[in-house]
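> Residue numbers (our numbering): -13 to 379.
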Amino acid sequence: MKKKLLGLVLSAAMVATLLVGCGGQQTSAPASSDAAAGTEAESVADAVNEAANGDVSGANVAVFYYTYSDTYIASVRTALDAALDAAGISYQDYDSNNNQTTQNEQIDTAIAQGANVLVVNIVTSGSVDASQAIVDKASAAGIPVIFFNRAVEGDEDAGKVLGSYDKCAFVGTDAPEAGHMQGKMIGDYLVANYDAVDLNGDGVIQYAMFMGQLGNAEAIARTQFGVEDANAVLTAAGKPELEYFDASNSDKYQVDQDGAWSATAANAYMVTNLSQYNEANGNMIELVICNNDGMAEGAITALNDAGYNLGTADCVTIPVFGVDATAAAVQLISDGKMTGTIKQDAEGMANGIAHLVGNAAAGKEVMADTDSYVIDETVSNKIYIPYATYTGE
């Protein structure tokens, strides 16, 4: 589906994480760096100014986030806000609170108040009807609309919405990529640590899967390929495929019913799961796969409460894998409480958005000067920000 070579090259070494045991819990928070944050802001601001040749005085940007509460989205917002501030661009952020009707009303209000660039993290991911309605609003006003992060159309409708308006573009990720990378990372880890992970010694690894949202392209791909690709690695090494811990659940996942990809949902599920599936009963969940790091955090909290994943040498750590490489997840990995994640590059996402905003601010074609980015092979106004594996450094 991709693809020109991206100028930004992401790298992260795969480092094996051995199972450890439980003792005193570490509670240190991730260290912050004002210098690093400033550097990131300058990087994204430079992208804006380079695209716009410094002329951004007429821009009035409205940025719509599907929810402020999503940890990854919060990281994108921080990076993009800092960049727009540094570039001297006028903007207004909106929290749609995971409600498409609210977002549509916010867009109407922003246009009425003079917004001349829309940046939209759509609530209803993958819905042609929802995204086309927003494109139609932008088109009627004659202003650019830049979607980001959440799919505006499924593969079967590729280009239907994004091709309907010449001032429209998308910055996001290749949805299956994270699932494929997570699955391979899990498979490789299990092959290297199989006997230690197989707590009940039955020769099969029992896993739990936490899905962020039904119908979301990223959630679907991560749920599918996180298991399929892990199984491919396992079977190639002569090991049996993963076994879902609850034979009565034909879906083989537990989904956040609110579609919020939340730590709260994963924690509630995991607490209930562990009351029945545990070492005392000989059926302990031996692997946890999560669609994002927020859900991984929630699962780890439940494991902590049950005496697991405390990051000490006398404690069993159940391997937990997520997606995003949030600051909290990076700290959990450093503390030995989480095994790995797939980095979804918040700064890279903000950089791509900022470049397109700069083009729009200068009155250029929205996709001008984007040759250094990964572009979809068939939808020419669709930019992909690549993922990378992260297991600690």
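Each residue gets a CB set at the ideal place from its N, CA and C atoms; glycine is no exception.
Mapping DSSP to helix, strand and coil, what is Val360?
In the three-state reduction of the DSSP assignment, Val360 falls in the strand class.
> Compare the C-alpha of Gly334 against each of Ala45, Val62 and Ala124 and name the closest.
The shortest C-alpha separation from Gly334 is found at Val62.
> What's the gap between the Cα of Lys146 and the Cα of Ala126?
18 Å
> Which residue spans inside the region 172 to 198 form an unbroken beta strand (DSSP E) run of at least 3?
You should have 192 to 197.
> Which two residues bound the contiguous beta strand (DSSP E) that contains Lys329?
Looking at the DSSP string, the run of the beta strand (DSSP E) that includes Lys329 is Gly326 to Gln330.
> Report yes if the C-beta distance between Gln78 and Ala96 is below 9 Å; otherwise report no.
yes
> Taking just the CA atoms, how far does Gly308 sit from Gly100?
40 Å
> Asn264 and Asp232: beta carbons closer than 9 Å?
no
> Taking DSSP as the reference, what is the three-state secondary structure of Ile319?
helix
> Alpha carbon to alpha carbon, how far is Asp279 from Ala336?
19 Å
> In chain order, what are the residue ranges of uninterrupted beta strand (DSSP E) at least 3 long that sit wholly in the region 243 to 320?
273 to 276 and 306 to 310
> If I measure Cβ to Cβ from Asp244 and keep anything under 8 Å in the same chain, skipping five residues before and after, which residues do I get?
Excluding sequence neighbours, Asp244 sits near Asn84 and Ala251.
> Can at least three beta-carbon pairs, one atom from the region 165 to 181 and one from the region 203 to 213, be found at a separation below 8 Å?
yes
> Where does Ala48 fall in DSSP's three states?
Ala48: strand per DSSP, three-state reduction.
> Tell me, to the nearest whole angstrom, how far the beta carbon of Gly158 is from that of Tyr370; I am working on the premise that it is less than 8 Å.
Right, their Cβ atoms sit about 7 Å apart.
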